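K.L.:
Take this structure first; my questions come after.
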Amino acid sequence: MLKGKARAHTNIALIKYWGKEDEQLIIPNNSSLSLTLDAFYTETEIYFDEALTADIFYLDGQLQDEKATQKVSRFIDLFRQQANCSLFAKIQSTNHVPTAAGLASSASGLAALAAACNQALQLNLSKQDLSRFARKGSGSACRSIYGGFVEWQKGTDDQSSYAISVDSQHFEDDLAMIFIVLNDQQKEISSREGMKRTVETSSFYPTWLTEAQKDLVAIKEAIHQKDFIRLGEITEANGLKMHATTLAAVPPFTYWSDQSLKAMQVIRKIRKDGRPCYFTMDAGPNVKVLCQKEQVSQIKERLAEHFAPEQLIVAYAGKGIELIEMDV
Ligand code: ADP
Ligand code: DP6
Numbered sequence: 053m054l055k056g057k058a059r060a061h062t063n064i065a066l067i068k069y070w071g072k073e074d075e076q077l078i079i080p081n082n083s084s085l086s087l088t089l090d091a092f093y094t095e096t097e098i099y100f101d102e103a104l105t106a107d108i109f110y111l112d113g114q115l116q117d118e119k120a121t122q123k124v125s126r127f128i129d130l131f132r133q134q135a136n137c138s139l140f141a142k143i144q145s146t147n148h149v150p151t152a153a154g155l156a157s158s159a160s161g162l163a164a165l166a167a168a169c170n171q172a173l174q175l176n177l178s179k180q181d182l183s184r185f186a187r188k189g190s191g192s193a194c195r196s197i198y199g200g201f202v203e204w205q206k207g208t209d210d211q212s213s214y215a216i217s218v219d220s221q222h223f224e225d226d227l228a229m230i231f232i233v234l235n236d237q238q239k240e241i242s243s244r245e246g247m248k249r250t251v252e253t254s255s256f257y258p259t260w261l262t263e264a265q266k267d268l269v270a271i272k273e274a275i276h277q278k279d280f281i282r283l284g285e286i287t288e289a290n291g292l293k294m295h296a297t298t299l300a301a302v303p304p305f306t307y308w309s310d311q312s313l314k315a316m317q318v319i320r321k322i323r324k325d326g327r328p329c330y331f332t333m334d335a336g337p338n339v340k341v342l343c344q345k346e347q348v349s350q351i352k353e354r355l356a357e358h359f360a361p362e363q364l365i366v367a368y369a370g371k372g373i374e375l376i377e378m379d380v
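All residue numbers for the sequence shown refer to my numbering, where the first residue is 53 and numbers rise by one.
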């Protein structure tokens with residue numbers, strides 16, 4: 053039996069990935085930049101076993117249906133091909149993050165699975181190659197291979213599209229992200245579906261691409277200069293631009309709920325009162341607040357005037373993939 057176990061953390065994009073040039077290979081239309089976080093993660097173990105007659109996939113202890121298992125099987129096939137292995141596998145994964153709720157379970161989930169496969173099949177893939185493989189499971193997963201600030205360089209083909217670690221002189225250690233969990237149920241329009249509709253129908257999409265390119269250059273400068281205010285301003289503006297594209301899609305849609313709007317207003321007010329903090333949102337109603345570590349308790353206190361304690365989760369910069377020792 054061949055086995056491997058790995059942990060990967062989620063990441064939240066400060067410059068969003070939104071839209072694919074190649075849907076099969078998951079080559080994006082724009083480069084993106086994220087922060088890997090410690091609070092949410094996935095642990096996955098995989099056993100390739102001669103005794104199995106099909107792949108079996110357990111997520112959070114629950115045997116998954118055919119559709120979910122097929123998705124995972126197709127991803128594992130990439131590793132089986134590379135290793136010239138035809139064994140079926142049993143996969144056991146635990147998400148320490150709500151699944152499919154806009155809290156990036158796909159990023160940590162697919163990155164952990166990639167690292168577990170790499171270990172089990174003894175492929176010895178470099179981080180760059182592991183990032184390329186993870187990308188083919190879910191785009192944002194390619195960034196969860198690394199800790200701290202990460203840039204996914206869009207590239208032009210399978211070989212050239214992967215993430216790299218951003219040299220930040222430990223700027224990420226000064227930062228925190230407070231998650232305002234407004235809804236942890238599965239979202240109606242997945243990121244995959246939402247970005248596809250936007251690329252195909254939104255008249256704002258071409259503008260998004262030019263703006264995302266400019267924002268990426270600017271945010272890397274802000275990271276280099278350890279300029280938190282600039283980092284926050286660019287993050288918030290970029291997220292808003294991404295969400296604006298969905299309003300011009302046909303049919304139009306939004307991931308925002310009334311509670312998301314309320315959260316944005318609260319954050320703007322806290323900022324106006326002199327505490328720097330900035331929001332970003334992904335393909336769901338939850339709001340993430342970027343702030344400096346030293347301000348976390350005061351900002352959380354202000355947020356707690358509007359949201360229940362269990363809705364507020366504080367995360368700090370997290371590590372890249374880690375292998376986990378398995379019992380014999
Ligand atoms: P999220 O906001 O949580 O990333 P998505 O809809 O983008 O939501 O992705 C959720 C999908 O990611 C799931 O339906 C499943 O296919 C995949 N996924 C999530 N967690 C795991 C996991 N631990 N192992 C394998 N795949 C996972
Ligand atoms: C809004 O990586 O979930 O969170 O590549 O189709 O699996 P697929 O999409 P996914 O999209 C993430 C979109 C986003 C922005 C981001 O994380 O960059």
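We put the beta carbon where it would ideally sit given N, CA and C, even for glycine. Bear in mind the structure is a predicted one, so any value in this text is a computation, not a measurement.
Sort Leu292, Gln265, Thr297 and Asp210 by Cα distance to Ser254 and report the nearest one.
P.N.:
Thr297
K.L.:
Can you find the residues in the same chain that come closer than 7 Å, C-beta to C-beta, to Ile67, ignoring five residues on each side of it along the sequence?
P.N.:
Ser84, Leu85, Ala264, Asp267, Leu268, Ile271 and Asn290
K.L.:
Assess, as a yes-or-no matter, whether the region 207-214 is touched by the region 334-341 under the definition of 3 or more beta carbon pairs within less than 8 Å.
P.N.:
no
K.L.:
Under the rule that 16 or more other beta-carbon atoms within 10 Å means buried, what is Leu115, buried or exposed?
P.N.:
exposed
K.L.:
Which residues in the same chain as Arg184 place their Cβ atom closer than 6 Å to its Cβ, once the five residues preceding and following it in sequence are excluded?
P.N.:
Tyr214
K.L.:
Is Ala335 near ligand 2, going by C-beta to nearest heavy atom under 7 Å?
P.N.:
yes
K.L.:
Could you tell me which of Pro304, Thr88 and Arg323 sits nearest to Ser285, measuring between CA atoms?
P.N.:
Checking the sequence shown, residue 285 turns out to be Glu, not Ser. The shortest C-alpha separation from Glu285 is found at Arg323.
K.L.:
Does the region 121-135 come close enough to the region 191-203 to have 3 or more Cβ pairs within less than 8 Å?
P.N.:
No, because fewer than three Cβ pairs between the region 121-135 and the region 191-203 fall closer than 8 Å, the two stretches do not touch.
K.L.:
Secondary structure at Phe305, three-state DSSP: helix, strand or coil?
P.N.:
coil
K.L.:
Below 7 Å, is the gap between the Cβ of Tyr69 and the nearest heavy atom of ligand 2?
P.N.:
yes
K.L.:
Mapping the DSSP letters down to three states, classify Trp70 as helix, strand or coil.
P.N.:
coil
K.L.:
Can you grab the Cα-Cα spacing for the pair Glu73 / His295, in whole Å?
P.N.:
19 Å
K.L.:
Hey, is Ser125 close to ligand 1, as in C-beta under 7 Å from one of its heavy atoms?
P.N.:
no
K.L.:
Just to confirm, are Ile230 and Val348 a CB contact at a threshold of 8 Å?
P.N.:
yes
K.L.:
From the DSSP output, which residues share a beta bridge with Arg59?
P.N.:
Glu95 and Glu374
K.L.:
What's the gap between the Cα of Leu227 and the Cα of Pro361?
P.N.:
21 Å
K.L.:
Once DSSP output is grouped into helix, strand and coil, what is the label at Phe359?
P.N.:
coil
K.L.:
Between which two residues does the beta strand (DSSP E) containing Met294 stretch?
P.N.:
Not the beta strand (DSSP E): Met294 falls in the alpha helix (DSSP H), residues Phe280 to Leu299.
K.L.:
Hey, is Ala159 close to ligand 2, as in C-beta under 7 Å from one of its heavy atoms?
P.N.:
yes
K.L.:
Could you spell out the range, first to last residue, of the beta strand (DSSP E) harbouring Leu390?
P.N.:
Residue 390 lies beyond the range of the chain shown here (53 to 380); nothing can be said about it.
K.L.:
Please report how far the alpha carbon of Phe92 lies from the alpha carbon of Glu252, in whole angstroms.
P.N.:
When rounded, the distance between both Cα atoms is 32 Å.
K.L.:
Does the distance between the C-beta of Leu306 and the nearest non-hydrogen atom of ligand 1 fall short of 7 Å?
P.N.:
Here the sequence assigns Thr to residue 306, which means Leu is not the residue at that position. Every heavy atom of ligand 1 is 7 Å or more from the Cβ of Thr306, so no.
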